[in-house]
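Peer 1: Pasting a structure here, questions to come.
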Amino acid sequence: MKFRGLLFPISLAALLAVSGCSKDYLNVTSNELTSADEYFSSQSDAIALTNAVYVPLTGMYNGCMWQIGDVMADDTQKGGGGPNDGVELRQLEDFSFGSTNPLIMVLWTQCYQGIQRANVVIQKVPGIPDMDANIRDRCIGEATTLRAYYYFQLVRSFGDVPLFTDPITLSGSASISRSPASKVYEQIVKDLKAAAVLLPDTRYTAGDVGRLNKWAAKGLLASVYLTIHDKENAAKEAKDVIGSGLYSLNTNYKDNFDVLKENGPESLFEAQFKNNYENYSDYTGESKLDCFFAPRGALWDDNSSMTPSNGYGFNIPTPEVAALWEKNSGGGEDKRRFSTMWIPGDIIKSALPTAGPNKKYTQKPLEGSPNGFNISKYFIEFGYNNGQSTNWGWSSAQNVPILRYSEILLIAAEASGKADGIQYANQVRDRAGLAPLSLGLNDNDYLEAIYKERRLEFLGEMHRWWDLLRHPDENYFITQMQKQNVTPKKTNRFLPIPQSEIDKNSHLKQNDGY
Amino acid sequence: MYTFTMLLHIRYALSFGLLLLAGNASSQDLVSAARIPEPSGNMQEATVPLVKALREAEKKYQITFIYKDDALKNKRVPSMILDAASLETMLLQIHKSTELNIERTGNKLYTVFDIVNASPAAPDQAKPSGSTSASPAAPLLPVKGKVIDATGNPIPFAVINIKGTQKNVLTDIDGNYTIEAGEEDTLVVSFLGYKTETLAVAGRENVDVKLSTSTKITDEVVVVGYGTSSRREVSSSIGSVKGNILASTPVADPAQALQGRVAGVTITQNSGAPGGTGGTSIRIRGITSITGNNNPLIVLDGYPLADQTSDNVLNAISPSEIESIDVLKDAAAASIYGVRGSNGVIVITTKRGKEGKATVSLDMYRGVQNAWNLPKLLGARDYAIINNEGRLASGYSTLPKLDDPDAVQQNYGSGTNWYDQVFRQAAMTNVNLNMAGGTDRARYALSAGYFQQDGIVRRTDFERYNIRFNGDLKVSNKFNVGNSLTLTRTTENAKNTTGSVESLLILASEAPPTVAPKNEDGSYAGGTADVDAFIEPNPVYEIEVPKATNTRYRTIGNIFAEYEIIPGLKVKANLGMDFVFASNHSHRLAIPATGGRVISQTTVGESRDYYTNFLAEYTATYKKTFGNHSFTLLGGYTAQEGTYNQLSAGRNGYLRNDRPTLNGYGQPITTTNQSTNGGTFGVGTKLLSQVARLNYDFLNKYLVMVSLRRDGTSNFAPEHQYAIFPAVSAAWNLSDEDFMQSFSQVSNIKVRASYGQTGNQNVRPFAYIARVNTGVGYALGQSDGYNGGVAGTAITGSPNTDLVWERNQQINLGVDGSILNNRVNISLDLYERKSIDLILDVQVPALSGTYETVPLNTGDMVNRGIDLSISGNVLGDKSPVQWTSSLVLSTFRNKVTSLGLAAPINYNTDRMQGGGTRVEAGQAVNYFYGYKTDGLFKTDEEVAAHAVQTKPAGNANSTNSTSPGDIRFVDINGDGVINASDRTNLGSSVPTFTYGWTNNITWKIFDLSIFFQGSQGNKVMNVVKYYTQSGIGNANYRQDILDRWTGPNSNTSVPRVIQADPNLNNRVSDRFIEDASYLRLKNIRLTVSLPQSVSKALKISKLRIYGSIQNALTFTKYTGFDPEVGGGTDFGYYPQARTNTIGATFDF
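Shown next as structure tokens:
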């Protein structure tokens, strides 16, 4: 847009009079128009593009994972302010959802956002000049792992889904069809294997803490293998992670859910959050779980409110799961129980020495939580390191674990079979203060014991629905859910493809039953 | 008028020499000394005998010349005269090359005078032979008299003819004449631009004559794209207003003065902020775009101005500089501007110099402005009563301060009148100096102006300085150059009067009368949370503490050169530049207050905006006449480019307040959050275009125009940058047909038809580019608060590389006619305009991995309408009182025919729940969308019988649920529940019709103009009513709340007072949507032209004194400040003032 005095229009005219028309004249550039085509040019661009591939995790863990993983399963019930508070969540809870359920849409949307961003990284980053080879590999490895992760969430939830590994165009997204689940799993395994080669085999430090490394890719691969019943490979991948020696169980289970001890020795993969100060959004980087899961109307024993403006009290453990806690060998309760869920009468130690005496949790029975239960894993007591959370306003900085070392151990335990695997399960039980599993269990009981261990170890961590689905007995999710007085249909194994997507792409066929 | 004044000036220039020769000019006295020009051997130009030229003209224009053969015998004129664009031009050219003068002396009759000899053609030898009836033999006596115009000024060179003869004399410079006439003779007095008068001598020795101006529309010159045309030759739809009408309105913005003057142009003044800075929305023939710009293209002296998205682009131009405004309404007229023509084109022509003696004119006025309609609010005692009632009804305790209304009355009297605190009487001043003149080689027009207006809201004002220089230079007979140059500076001190939440007028309407603006010690007060339970900002603090000054400099200039290559073929180059430099400064000083919202941290903001625009335009015009056929061919090539750049910065963190600048005593910025809003912005647009137009005219009766424009625009993807916009129009001058001659009542009639296409490129420029979103950060690295995490970048929107301009197709049928000997002129147009390929935002498949909507050419809309204008001389030419009146009427219906792939668009209303405006296929664009009410519930039984309106959490009672006194909302879908699906169409802000009625009444030295303007059928959502009837946050109420439902008082439409509002009485409903039809006596103005004796004594040629009242009367049922609300949703916008002005115009 440079103008060179009056000569310009005159010479332009002369030029145009001769040439008829100037093709370049209408080319306009501006500092406001950062075109994607021009953007991918430096190492920092590559890193920024890669960082964005993680971002859909925050939307998912706020907006659909606990709703599908916990509430829809038998671990928790909806809670909140009664039946009409969160109708879309109640539909998941009682299996009355249809193809317009917005929570299901969140899962679909966020996963495809992640996949598309990963595809862009995988396509563009190799062509960026002058990059450190290690950073280049790392970026591509992270994107590839995340792409596999997002496809994994889709395929195990929806079954057949559209599969693409190059950036999709707008018109492509309106005409692509679903690929068979087996093809999707094939791509996931291929991606995770490739990523494991590209990613660093060490843990990250400083500003890179929270990125995926080789062991996270292999850990996810173990989980994928377990889901597709390839126990041999699942065991192998899990044992590779164990053999790396880089991970260990936190001595104190609660440390997995301490906002100041995130990305600790047990952590392979976490959704990273920050406090964004009352933004009231699922999509701006903060966790809303502190606010959503905090006890509704709960008081301390001095009648003061636990949270300045009340929690919402969603995601309430079911009485059935609450009854599963074992007494430990010393007669006390499972060490994980208090750090997982609250029961009225719990004494909560003051988080800060200056915050006064210990307080007792007195939860009145509510329509949403008749037993006064609540998930405590994501609660940040007011006053506890202000800056990590403002309690109200969906503004918690606390991460959500996606893959913990204890899950690696339990995958190894399940995939290796009792003889070899029981040692791994017992490491997890030992930390909880529980006695080792009996060597006398038959294979089926052993599997059930592992299932129960997973259920309690990961209660409130959004695993259960998919554990129900991957059980060798394909009707297991139905029989289990019947204990909660609901009977899903067989077709409920897969969620419906969001209707608005089918409206825009007639090639997408709906799942049976919807 | 144009032609007349031009000739008048020529005549003035010649007058002295002429009169010396002529004395009391009568044909008998003339010394025959015919001055024959030298044969033009030294001239290169081809010449033809003058007589031949006149014969050609007689054929071409169907007229007759009267002249003396021998006087003209040897005269020759350049042959190019034959190709003159109009008769007027031709006559002017004949005059210039022969020094003969030609006047219209009758209907289609022109007389050629030898000016040097001040003689018309000798009567006895003149042709035509058709008028040779001999006068009866009678003694001839000298008859004397004076010819004057309607204001009493003499008309020199008027022609006095004795009827039935060819005996003519001319009046002298003072309008006096002497002619030898018989007692029984009849005098025919005529002068171009005036109506011909016929008077019997009847034995008188002295016959004075007054001539009134002719209003024949076909004499007008209109400006079309890339040229001018006579009104008679126009086949498209063009509306025109002369500058003197605009200048007679005391406003800064010509757009405001244009309101109600042109049929088909709907103008809404968005705000009464001084200087028109609040913007004026101009809509020509409806609404053409949903998501894009609806502003017309403005062409100033041939320079198409860039759209700056703001509506007040015209307030840099003083109305007094304007010669005329022509509005290109139909697509056939606007299509020559192609991709910018969809919203119509406003062509502004500024005044240019004319050949002749220099004229100097000084105009100045002073005005005083007042708010004329402020809603009545409650005083302190009533406020206490109502507020207590609203709190008790909600189950709250009353505020201790207001507990006892009688005590409140004692303590506060009537309380603070917040409108008095906000409004004031304000002054305005305007001074304009215009100078113009020139020779046949060089002409100039200079003007300088100053305009200052204080706003009726305290501490708002506007000031403008403007200078103009327009010059024309004739380098040779073939080569002309010229320029236009505008320089302006405007300065505005603005307050928040447009915000939807904290506009000053909302704050002043809300603030309780029991709250004081200031404490006794002079410090700021305001509502407090604990005592008043009212925490909105104190309006007085908001007026006096925050400051925003916007200064804008603008230079618009162009130069042009025109060369005639061969006779009839002219090429023209036009180069122009438009620079805007705007400087905006704002600061908010941390000044303490004991209530309201206190500014606790001083902040300063600065921005500098630069708009640059360049134009290069090359056109060639070729005119040719073959017999009865005449052609005008235009070809052109233009390039235009514009850029907008902004630099902005802000900061806070000052140690002291007295230097609110960015550096503030050089105090360094120490933390990152002391610096805010820093940024630069720049975006450009380029256009590369070719134009072509052919006008064909057969016998001056059948007119056809075909035009094409090819536009290349940088706003769209490289493969979609070029478009062609065609148009065609035709007209038939029916009245020139022989068969029409028997309809003597019809003086003129022309029928027109046109079709054309235009485009709108001001919709999402550059949306075709796939942009990256650099704000997709992730919290890696143990991050916690705001600044935690790392930056991330993603493509969150899909590009649409196929995006193109919106298109518009318009059909127009029109008729122009004059009846009763040109006494009444009518122009009627019917049109249908289809907007197609409207750009709307479409949701993308989530599968694409992006979430931003994508703009798509989808969606259609149609506007159908009628423009009607009627003007005429009400009392007839002969009346001593001359009353000209003109009525314009515009009506259109808008309908969104399809939204294509896009979903209906809802625009919510700030602060109000449940609705706003909506765009939906099958309805008018932006209709009001909300609940329909059906009176109030009178009993619990009525509540129980009706659909469920509220569902309280616990047991229903009157504090938490629908109760008697609440509004009954209509269950539109009949499902037994009142919810969002019961919302419906509550009307539109688009008027059914708008009108303007202009009247000029002249009697002797008095000239009275009365202008009514109005709008019918437009609805306004009165958000101020919402603020002042709902008691939110313990706000004050309008007085109509006193008629609220109370139980005993149940015959009312005002619901019960309850602050908690469990029934949501305050949701968007027809309760707040009012009929805002209005009729306004927009301007009444009386001008007195002082008699010549007075002006002569003052040594000036003319002095006029005038007084006017703007917004004198408004008739409306609307209950807000002002029924004229831009956009239709009234957030308490700055109301228009009533302005009383007095002024004077001096002509030297």
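So the protein sequences, as listed, match chains A and B. Going left to right, the first sequence walks through residues 7 to 520 as the working numbering numbers them. Going left to right, the second sequence walks through residues 8 to 1155 as the working numbering numbers them. Cβ atoms here follow ideal geometry from the backbone N, Cα and C, with glycine treated the same way. Since the structure is predicted, the reported quantities are computational estimates derived from the model, not experimental observations.
#1: Hey, does residue 869/B have any beta-carbon neighbour from chain A nearer than 8 Å?
#2: Using the C-alpha atoms, what's the distance from residue 568/B back to residue 722/B?
#3: In or out: residue 491/A buried (at least 16 other Cβ within 10 Å) or exposed?
#4: Tell me which residue opens and which closes the alpha helix (DSSP H) that residue 951/B is part of.
#5: What does residue 386/A touch in chain B if you count any residue whose Cβ is under 9 Å from its own?
#6: Examine the Cβ distances between the region 568-581 of chain B and the region 619-630 of chain B and report whether three or more of them are shorter than 8 Å.
#7: Chain B partners of residue 512/A, CB-CB under 9 Å?
#8: How about residue 397/B and residue 972/B: are their beta carbons less than 8 Å apart?
#9: Thinking C-alpha only, which one of 336/A, 381/A, 281/A is nearest residue 85/A?
#10: So, with DSSP's three-state summary, where would you put residue 408/B?
#11: Please classify residue 414/A as buried or exposed, where buried requires at least 16 other C-beta atoms within 10 Å of its C-beta.
#12: Looking at the structure shown, is residue 502/A part of a helix, part of a strand, or coil, going by DSSP?
#13: To the nearest angstrom, how far is it from the Cα of residue 124/A to the Cα of residue 467/A?
#14: Answer with buried or exposed for residue 101/A, where buried requires no fewer than 16 other C-beta atoms within 10 angstroms of its C-beta.
#15: Using DSSP's beta-bridge definition, name the partner residues of residue 752/B.
#16: Should the region 874-892 of chain B be regarded as contacting the region 826-845 of chain B, the criterion being three or more beta carbon pairs within less than 8 Å?
#17: Bridge partners for residue 472/B per DSSP, in chain order?
#18: From the DSSP secondary-structure annotation, give me the bridge partner or partners of residue 733/B.
#19: Measure from the alpha carbon of residue 940/B to the alpha carbon of each residue in 1072/B, 406/B, 916/B, then state which is nearest.
#20: To which residues of the same chain is residue 302/B closer than 7 Å at the C-beta, ignoring the five residues directly before and after it?
#21: Give a yes or no on whether the minimum CB-CB distance between residue 642/B and chain A is below 8 Å.
#22: Taking residue 99/A and residue 78/A to be in contact with their CB atoms under 8 Å, please state how far apart those CB atoms are, rounded to whole angstroms.
#23: Cβ closer than 8 Å: which chain B residues qualify as neighbours of residue 200/A?
#24: Please work out which residues of its chain come closer than 6 Å, Cβ to Cβ, to residue 914/B, disregarding the five sequence neighbours upstream and downstream, and give them in chain order.
#25: In angstroms, rounded to a whole number, what distance separates the CA positions of residue 726/B and residue 545/B?
#26: Could you spell out where the alpha helix (DSSP H) holding residue 1143/B opens and where it closes?
#27: Taking only runs that begin and end inside the region 391-471 of chain A, name each unbroken beta strand (DSSP E) of 3 or more residues, in chain order.
#28: List, in chain order, every chain B residue whose beta-carbon is nearer than 8 Å to that of residue 217/A.
#29: Give the residues from the region 315-343 of chain A that approach chain B closer than 9 Å (Cβ to any Cβ), ordered along the chain.
#30: Does the Cβ of residue 389/B have 16 or more other Cβ atoms within 10 Å, making it buried, or fewer, making it exposed?
#31: Do the region 1029-1049 of chain B and the region 1059-1069 of chain B touch if we need at least three Cβ pairs shorter than 8 Å?
#32: Buried or exposed: which applies to residue 413/B, given that a residue is buried once 16 or more other Cβ atoms fall within 10 Å of its Cβ?
#33: What number of angstroms, rounded off, separates the C-alpha of residue 265/A from the C-alpha of residue 273/A?
#34: So, at 7 Å on beta carbons, what are the nonlocal neighbours of residue 1147/B in its own chain, with the 5 sequence-adjacent residues on each side left out?
#35: Which of the three DSSP states, helix, strand or coil, is assigned to residue 385/B?
#36: Can you check DSSP and say which residues form a bridge with residue 573/B?
Peer 2: Put simply:
#1: As a position in the second sequence, residue 869/B is number 862, starting the count at 1. Taking Cβ atoms only, chain A never reaches closer than 8 Å to residue 869/B, which makes this a no.
#2: Against the second sequence, residue 722/B aligns to sequence position 715. Against the second sequence, residue 568/B aligns to sequence position 561. Taking the straight line from one Cα to the other gives about 31 Å.
#3: In the first sequence, the residue the question calls residue 491/A occupies position 485. Result: exposed.
#4: For the purposes of this step, residue 951/B is taken as the residue at position 944 of the second sequence. According to the DSSP assignment, residue 951/B belongs to the alpha helix (DSSP H) that extends over 947-952.
#5: Taking the first residue of the first sequence as position 1, residue 386/A is located at position 380. Neighbours of residue 386/A on chain B: none; closest Cβ ~11 Å, over 9 Å.
#6: With the rule of 3 Cβ pairs closer than 8 Å, the region 568-581 of chain B counts as touching the region 619-630 of chain B.
#7: Here residue 512/A is taken as the residue at index 506 of the first sequence, counted from 1. Within 9 Å Cβ-Cβ: nothing; residue 512/A doesn't reach chain B, min ~11 Å.
#8: Position 390 of the second sequence, counted from the start, is the residue given in the question as residue 397/B. Position 965 of the second sequence, counted from the start, is the residue given in the question as residue 972/B. Contact: no.
#9: Walking along the first sequence from the start, residue 85/A turns up at place 79. Its Cα nearest to that of residue 85/A, the residue 381/A stands out among 336/A, 381/A, 281/A.
#10: Your numbering for residue 408/B matches position 401 in the second sequence. Helix.
#11: The sequence position of residue 414/A within the first sequence is 408, counting from 1. Label assigned to residue 414/A: buried.
#12: As a first step, residue 502/A is located in the first sequence; it is residue number 496 there, counting from the start. Three-state DSSP puts residue 502/A in coil, outside helix and strand.
#13: Counted from its first residue, the first sequence places residue 124/A at position 118. Counted from its first residue, the first sequence places residue 467/A at position 461. Distance between the alpha carbons of residue 124/A and residue 467/A: 25 Å.
#14: Numbered from 1 along the first sequence, position 95 holds the residue referred to as residue 101/A. Burial call: exposed.
#15: Along the second sequence, one-based indexing puts residue 752/B at 745. Its beta-bridge partners do not exist; DSSP assigns none.
#16: Under the three-pair Cβ rule at 8 Å, the region 874-892 of chain B counts as touching the region 826-845 of chain B.
#17: Here residue 472/B refers to the residue found at position 465 of the second sequence. DSSP output for residue 472/B lists 457/B, 496/B as bridge partner(s).
#18: In the second sequence, residue 733/B corresponds to position 726, counting from 1. Note: residue 733/B sits in a beta bridge opposite 715/B.
#19: In the second sequence, the residue the question calls residue 940/B occupies position 933. Of the listed residues, the one whose Cα sits closest to residue 940/B is 1072/B.
#20: Mapped onto the second sequence, residue 302/B falls at position 295. Closer than 7 Å at the Cβ level, and outside the excluded window around residue 302/B, lie 289, 314, 318, 350.
#21: Along the second sequence, one-based indexing puts residue 642/B at 635. Taking Cβ atoms only, chain A never reaches closer than 8 Å to residue 642/B, which makes this a no.
#22: In the first sequence, residue 99/A corresponds to position 93, counting from 1. In the first sequence, residue 78/A corresponds to position 72, counting from 1. So it is a contact: roughly 7 Å between Cβ atoms.
#23: Sequence index remark: in the first sequence, residue 200/A carries index 194 (1-based). Near residue 200/A there are no residues of chain B at all, since even the closest Cβ is about 21 Å away, more than 8 Å.
#24: Along the second sequence, read from residue 1 onward, the residue named residue 914/B stands at position 907. Same-chain partners within the cutoff: 923, 924.
#25: Counting from one through the second sequence, the residue named residue 726/B turns up at place 719. Counting from one through the second sequence, the residue named residue 545/B turns up at place 538. About 56 Å.
#26: Reading the second sequence from its first residue, position 1136 is the one you call residue 1143/B. Residue 1143/B -> no alpha helix (DSSP H), and no H or E assigned at all.
#27: 406-410
#28: Residue 217/A sits at position 211 when you count from the first residue of the first sequence. Under the 8 Å cutoff, chain B gives 787.
#29: none
#30: If you number the second sequence from 1, residue 389/B lands on position 382. Under a 10 Å Cβ-count criterion, residue 389/B is classified as buried, with 16 or more other Cβ atoms of the shown protein chains found around its own Cβ.
#31: Touching, yes, given that three or more Cβ pairs across the two stretches are closer than 8 Å.
#32: Numbered from its first residue, the second sequence carries residue 413/B at position 406. Per the 10 Å Cβ criterion, exposed.
#33: Here residue 265/A is taken as the residue at index 259 of the first sequence, counted from 1. Here residue 273/A is taken as the residue at index 267 of the first sequence, counted from 1. Each residue's Cα considered, the two are about 13 Å apart.
#34: Residue numbering aside, residue 1147/B sits at position 1140 when the second sequence is read from its first letter. Correct list, in chain order: 374, 375, 1116.
#35: Working through the second sequence from its first residue, we reach residue 385/B at position 378. Residue state, collapsed to three classes: coil.
#36: Start at 1 with the first residue of the second sequence, and residue 573/B comes out as number 566. Partner(s): 576/B.
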